[in-house]
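Residue numbers (the UniProt record's numbering), protein chains in the order written: chain E, 1 to 133; chain R, 1 to 734. Below is one structure; the comments refer to it alone.
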Amino acid sequence: MTPKPKKITKTASTASSTANTVTQDFKEAYRLALKSYKEQVSSDARLKLIDIFCAFLVVIAGVQTLFMALIRDTFPFNAFLSGFIICVGQFVLLISLRLQVQEPFEGVPKNRAFGEFVIASLILHFTTLHFIN
Amino acid sequence: MVTTGKSTIAESAKTPVLTGKSSLVRWVQTVLTFTIFLAIFGAAVSSRLFSVIRFESIIHEFDPWFNFRATKYLVTHSFLEFLNWFDDRTWYPLGRVTGGTLYPGLMTTSGAVWHLLKRIGLPVDIRNVCVMFAPAFSGITALATYHFTKEIKDSGAGLLAAAFMAIVPGYISRSVAGSYDNEAIAITLLMVTFMFWIKAQKTGSILHATLTALFYFYMVSAWGGYVFITNLIPLHIFILILMGRYNAKLYSAYTTWYAIGTLASMQIPFVGFLPIRSNDHMAALGVFGLLQLVAFGHFVKTKVSSDKFRVVMIVSLALILVVGVAALFALTYFGFIAPWTGRFYSLWDTNYAKIHIPIIASVSEHQPVAWPAFFFDTHFLIWLFPAGVFLLFLDLKDEHVFVIVYSVLCSYFAGVMIRLMLTLTPVICVAAAVALSKIFDVYLDFSHTMKNKKVNVSNLVSRLLVSSTFIFYLVLFVFHCTWVNKMAYSSPSVVLPSTTYDGRTVLIDDFREAYYWLRLNTEEDAKIASWWDYGYQIGGMADRTTLVDNNTWNNTHIALVGKAMASPEEKSYEILKQLDADYVLVIFGGLLGFSGDDVNKFLWMVRISEGIWPDEINERNYFSATGEYRVDSSASQTMKECLMYKMSYQGYPELFGGQGIDKVRGQTILPSDVLPLDYFEEVFTSENWLVRLYQLKKEDSEGRSLKDAGDYERSTTKSNKKKNFKKPDLDLRV
């Protein structure tokens with residue numbers, strides 16, 4: 001988030017005071033969001049677990065991309081794609097589950113949401129296995 | 001059929017009235033709904049059977065013949081062999097990687113049905129499975145439309161929409177028995193996917209989103225039109241975000257669909273890496289990314305005061321938009337993402353295809369639609385459609401936005417390309433059903449009048465008048481649909497119906513006659529040169545190798561055949577010899593008055609080959625001096641010398657004893673117009689001269705060019721005639 005305000009100060013043609021307030025706003029938003037996030041996670045262990053899993057997936061996806069960049073080759077492209085997309089897919093599924101754990105949707109109880117998450121993950125994994133050869 | 005349809009619609013109109021709470025009423029409702037569905041299913045299937053009853057159980061038109069051939073290959077070989085199928089009997093001498101360049105959904109489904117029927121002890125011929133495929137699936141489409149509309153309004157509107165969908169000509173045009181094309185299954189899958197999407201978007205359920213993704217995958221495997229879904233769903237989400245209606249349900253529905261759907265769609269060999277490479281799919285990816293940011297922003301928004309958040313949001317959004325668009329341009333520029341395809345441009349600029357890709361413009365399906373076609377295909381639904389969209393605007397729930405976006409986009413696309421009428425039809429049915437059921441909700445509700453002892457006469461009369469008018473329209477709709485289905489959409493176009501002078505109907509069966517002749521009288525590896533339209537039929541019915549077919553994957557190869565048709569015969573002979581062709585097939589409708597023949601398609605052959613060899617072929621040369629497209633004495637010399645002209649009219653004036661009348665173009669052909677044919681010889685002409693087959697002559701045994709040989713032959717026959725004339729003199733002398 002922090003590098004963004006710098007760009008703004010360059011592009012904004014108006015007085016630098018507005019740019020300063022924008023930077024201030026960003027800082028405050030960042031601080032508040034972080035604070036409430038910490039509160040949220042410490043109150044519910046399941047959220048913590050989901051978030052650790054999410055962070056793990058981001059790391060795995062990053063490692064794969066880095067590896068691809070290092071060997072300068074995309075050769076088994078389907079393998080890379082399936083490895084990368086399953087990280088993204090599992091990530092969004094986890095976030096969807098997280099949203100429902102926080103605040104269940106109308107007509108979808110928490111237990112059912114978890115069951116649906118498991119089914120969707122299985123389908124995702126099956127497709128990936130098929131694609132990865 | 002007519003009575004079923006009528007009762008269906010009348011009954012379905014009544015159901016919204018029955019909203020009582022008692023168990024008896026509910027039971028009656030269930031039974032009624034079930035009966036109505038049986039009736040709808042019956043109407044859907046039976047109205048598609050006209051083609052079988054009036055003609056026979058036969059595969060229609062062109063593309064279905066390929067699908068049929070592929071299905072036959074699938075049921076006689078294993079699935080893996082099917083996916084790895086390299087077809088050396090088409091696109092000779094190139095061949096076609098058929099397994100990797102087709103959408104296998106249709107064939108695998110009918111193959112599965114065939115195996116299932118065999119397993120339960122019903123050994124049905126695969127041809128019958130293919131012929132009855134589309135009617136069977138139309139019933140499922142009606143069911144999906146019901147559930148879709150139920151989510152939009154209520155079950156009353158759902159039943160109406162299902163009934164409309166079952167018999168509306170716009171859909172039947174592509175799903176009569178025998179029309180074994182990708183669209184037959186694709187519209188079903190389109191509606192099922194949309195139905196699950198609406199449910200997923202409404203409930204936020206991961207399961208529904210997963211099902212959407214699975215049916216999306218099925219759709220990708222069945223039809224190239226899946227790109228429509230790929231863009232419509234993100235557009236729906238994007239508009240909802242712009243309207244400020246983001247919620248967590250949208251996130252879970254869309255991201256689940258996109259992640260699983262994209263990964264699954266890449267399993268189809270023909271699609272491959274397109275979903276991340278081509279620009280057509282980038283909107284979905286963009287919205288996916290946007291949604292992550294919006295979700296994050298939403299989280300921040302709940303923590304920060306609103307006016308500060310506003311500033312933060314606007315600034316970040318502008319930044320992201322600039323970076324995103326720049327990245328897209330950069331990636332396209334450096335070739336990581338394929339630019340938009342020609343078909344895409346031709347959607348926006350209707351002249352694009354005509355100028356840049358004549359092969360796309362030459363297909364009649366890609367022409368803009370004529371306005372009467374809208375009424376012809378949907379009857380009174382077309383004017384209920386805007387009313388329905390307006391009613392949805394009044395309500396404007398999230399799912400209504402979907403229908404509105406769908407209808408606006410498809411109305412435009414259907415105006416550009418006639419084949420996209422097919423994707424518009426479902427939304428017309430849904431919107432019209434919403435409008436009509438709203439009318440019935442208000443005017444068919446007599447409960448108020450029954451309760452009150454005092455009868456308000458004017459109120460009652462107005463209610464009766466409005467509802468009876470609309471019921472009358474419904475009845476009229478059924479008659480219109482039946483009539484259109486019977487008259488316009490049930491012709492297999494392999495067999496042509498015709499009426500004799502005394503009014504009897506006769507079937508013109510020249511195509512099959514000629515193809516069967518080919519099958520029996522030519523070597524098994526004979527190569528047939530014809531315009532690409534007939535490639536699939538020759539492959540399917542005559543089982544002979546073709547040079548080009550309806551797949552049109554190689555423009556140059558098609559242009560080469562077009563050049564052969566448009567050149568003088570010496571050149572054509574050379575080209576066709578190089579291509580190793582043995583026979584040339586032309587379709588000639590002059591005697592019959594069949595306007596879709598090769599002489600009428602000829603200008604496209606000229607245009608397509610002109611695109612590749614502009615210095616050899618010039619469209620202007622084929623017009624007469626006054627700039628008209630003529631085939632009689634005033635035709636240009638180039639026209640008269642070209643192979644297509646010679647082959648079409650060879651021996652035609654003699655048939656009439658000197659003055660041949662071309663019934664399609666209404667022009668008179670004189671014997672002097674038709675120049676002799678030296679390099680080819682006629683081997684077969686069908687009963688009504690519709691199909692003419694020529695064989696390439698063998699090279700002359702004395703080493704002359706075939707033209708010299710022909711000239712010599714003609715001069716000797718002339719002198720022979722003279723000799724014969726003089727013979728008596730000689731006899732006398734001896």
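The C-beta atom is built at its ideal place from N, Cα and C for all residues, glycine as well.
Contact between the segment 82 to 97 of chain R and the segment 146 to 163 of chain R is absent: fewer than three C-beta pairs spanning the two stretches fall below 8 angstroms. For Ser138/R, the enclosing alpha helix (DSSP H) covers residues 133 to 152. An exposed status is given to Phe656/R, since fewer than 16 other beta-carbon atoms sit within 10 Å of its beta-carbon. Counting only runs of 3+ residues, no beta strand (DSSP E) is found wholly inside the segment 106 to 131 of chain R.
The beta carbon of Cys87/E is closer than 6 angstroms to those of Leu57, Ile60, Ala61 in its chain, skipping five residues each way along the sequence.
Taken in chain order, the unbroken stretches of alpha helix (DSSP H) that lie wholly in the segment 162 to 245 of chain R and span 4 residues or more are 169 to 172, 182 to 203, 206 to 222, 226 to 242. Among the CB atoms of chain E, one or more fall inside 9 angstroms of the CB of Val311/R. Counting along the chain, the unbroken alpha helix (DSSP H) around Arg98/E starts and ends at 77 to 102.
Between the alpha carbons of Thr193/R and Trp383/R lies a gap of roughly 27 angstroms. By the neighbour-count criterion, in which 16 or more other beta carbons inside 10 Å mark a residue as buried, Lys646/R falls on the buried side. For Ser82/E, the chain R residues whose C-beta falls within less than 9 angstroms of its own C-beta are Leu263, Met266, listed in chain order. Listed along chain R, the residues sitting closer than 8 angstroms to Thr127/E by beta-carbon distance are Ile260, Leu263, Ala264, Gln267.
The residues Thr350, Gly415, Val416, Met417, Ile418, in chain order, have a CB closer than 8 angstroms to that of Pro368/R in the same chain once the five nearest residues on each side in sequence are set aside. At least one CB atom of chain R sits nearer than 9 angstroms to the CB of Val108/E. Residue ranges of uninterrupted beta strand (DSSP E) with 3 or more members, entirely inside the segment 632 to 675 of chain R and ordered along the chain, are 660 to 662, 667 to 669. Look at the segment 505 to 571 of chain R and you find these whole runs of beta strand (DSSP E), each 3 residues long or longer: 505 to 508, 527 to 529. Closer than 9 angstroms to the CB of Ile206/R there is at least one CB belonging to chain E. Of all residues in the segment 49 to 68 of chain E, none has a C-beta nearer than 7 angstroms to a C-beta of chain R. Judged by pairs of C-beta atoms under 8 angstroms, the segment 168 to 176 of chain R does not touch the segment 206 to 222 of chain R, as fewer than three such pairs exist. Proximity of chain R to Ile123/E at the Cβ level (cut-off 9 angstroms) is accounted for by Thr210, Ala213, Leu214, Ile260, Ala264, in chain order.
When Cβ-Cβ separations below 9 angstroms define contact, Leu47/E makes no contact with chain R. In this structure, Trp257/R keeps its C-beta atom at 9 angstroms or more from the C-beta atom of Asp549/R. Counting the other CB atoms within 10 Å of its CB gives Met243/R a total below 16, which places it among the exposed residues. In the assembly as shown, Thr141/R is a buried residue. Its beta-carbon has 16 or more other beta-carbons within 10 Å. The beta carbon of Val405/R lies closer than 8 angstroms to those of Leu232, Leu235, His236, Ile239 in the same chain, with the five residues before and after it left out. Each of Thr76/R, Leu160/R, Leu32/R, Gly99/R was checked against the Cα of Ile439/R, and the nearest Cα belongs to Leu160/R. In the structure shown, Pro497/R falls within a strand segment according to DSSP collapsed to helix, strand and coil. Bounds of the beta strand (DSSP E) holding Thr685/R are 680 to 685. Among the residues facing chain E, Tyr218/R is not included, as its CB has no counterpart in that chain under 9 angstroms away. By the neighbour-count definition (other C-beta atoms within 10 Å, threshold 16), His115/R is an exposed residue.
Ile119/E has a beta carbon lying within less than 9 angstroms of a beta carbon in chain R. Beta-bridge analysis with DSSP links Ile587/R to Val691/R.
Nearest neighbour of Leu585/R by Cα position, chosen from Asp597/R, Glu574/R, Gln578/R, Leu592/R, turns out to be Asp597/R. Residue nearest to Arg46/E within the set Gly89/E, Gln64/E, Ile95/E is Ile95/E (criterion: CA-CA distance).
Judged by DSSP in its simplified three-state form, Asp87/R adopts strand. When C-alpha distances from Phe299/R are compared across Leu34/E, Thr23/E, Met68/E, the shortest belongs to Leu34/E.
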